[in-house]
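Written out below as structure tokens is the structure these notes cover.
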Amino acid sequence: MSSLKADFNELIERIRVGREFGHASFEPIFYLVFAPQQILEVKRQMPAWMAKLKNEGWKVKNFSIASKIDQIVKKAPLRKIWLAADSKSPLHWDKTNKALANALNNGALQKELEMVLEDLEGDSRNILLVTDIEALHPYMRIGAIESQLQGKFSVPTIFFYPGTRTGKTRLKFLGFYPEDGNYRSVHVGG
């Protein structure tokens, strides 16, 4: 198993080089794939990785999935109803999870990411780090968002993906979801 630092360094080198020139529909989407047991280590490494990128001349923007989910849920029109229902039946997680999944699957998270990508467009020094992807469990997977944003990735975007690789383009989110091959990205690690 390769180290996270080595995988990150390889990923940065791939960003510098880009994908093969012959690839027709290249968007600069990269996944750093790591074992779910390494989630905390990735969080520990993140400040150093961001500093390294800044030292190399990148303008680093972090998009935390967990923070955006928190913001979306706090602004949800049904929030008061959810809280009242939750206080009456606090152990009915299936209802809570369905309500939260509906709030996220309406495109709010995708729209937030799209707005950030639009803001970063036009400066070749920008790089976007998409972190805390594990917060999508059990509501959705990042591949659903990525596929809806096809054609919108104009700056290098790194998804820090807790899961396993099962082939060149196949990933298993958190290591236990069914494998998904709908990713149009460069994968390193895993």
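Following our numbering, the numbering of the sequence shown begins with 157 at its first residue and continues without gaps. The beta-carbon is built from N, C-alpha and C at its ideal position, and this holds for glycine as well.
Indicate the three-state DSSP secondary structure (helix, strand or coil) for LEU188 in the structure shown.
-> It is a strand residue.
Nearest to ARG200 by alpha carbon, out of PHE316, ILE298, GLU277, TYR187?
-> The option with the nearest alpha carbon to ARG200 is PHE316.
Would you mind sorting GLY178 into buried or exposed? The rule is 16 or more other CB atoms within 10 Å of its CB.
-> Residue confidence is low: GLY178 scores 40 on pLDDT, short of 50, so the model does not pin down where it sits. Its coordinate-derived value is still stated next. Classification for GLY178: exposed.
Just grab the DSSP bridge partners of ASN282 for me.
-> Beta-bridge pairing links ASN282 to LYS215.
Tell me THR353's beta-bridge partners as DSSP assigns them.
-> Since the first and last residues shown for the chain are 157 and 346, residue 353 lies out of range.
Would you identify the three-state DSSP class for PRO318, choosing helix, strand or coil?
-> Residue state, collapsed to three classes: strand.
VAL173: first and last residue of the uninterrupted alpha helix (DSSP H) it sits in = Note, VAL173: alpha helix (DSSP H), 160-173.
Identity of the residues DSSP links to HIS293 by a beta bridge | Residue pairing by DSSP places HIS293 in no beta bridge whatsoever.
Rounded distance between the beta-carbons of LEU209 and VAL216, thought under 8 Å = Indeed, because the Cβ distance is near 5 Å, the residues count as touching under 8 Å.
If you count every other CB in all the chains shown that lies within 10 Å of the CB of LEU196, and 16 or more means buried, which is it?
-> Its Cβ having fewer than 16 others within 10 Å, LEU196 is exposed.
Note down the Cα distance separating PRO312 from ARG170, rounded to an integer number of angstroms.
-> Going from the Cα of PRO312 to the Cα of ARG170 covers about 10 Å.
What's the C-alpha gap between ILE237 and SER243?
-> Taking the straight line joining both Cα atoms gives about 10 Å.
Do three or more CB pairs link the segment 266-274 to the segment 217-228 at distances below 8 Å?
-> The segment 266-274 vs the segment 217-228: in contact.
Rounded C-alpha distance that separates TYR295 from ASN253 | Each residue's alpha carbon lies about 7 Å from the other.
Would you call PHE164 buried or exposed, if buried means 16 or more other Cβ atoms sit within 10 Å of its Cβ?
-> Under this definition PHE164 is a buried residue.
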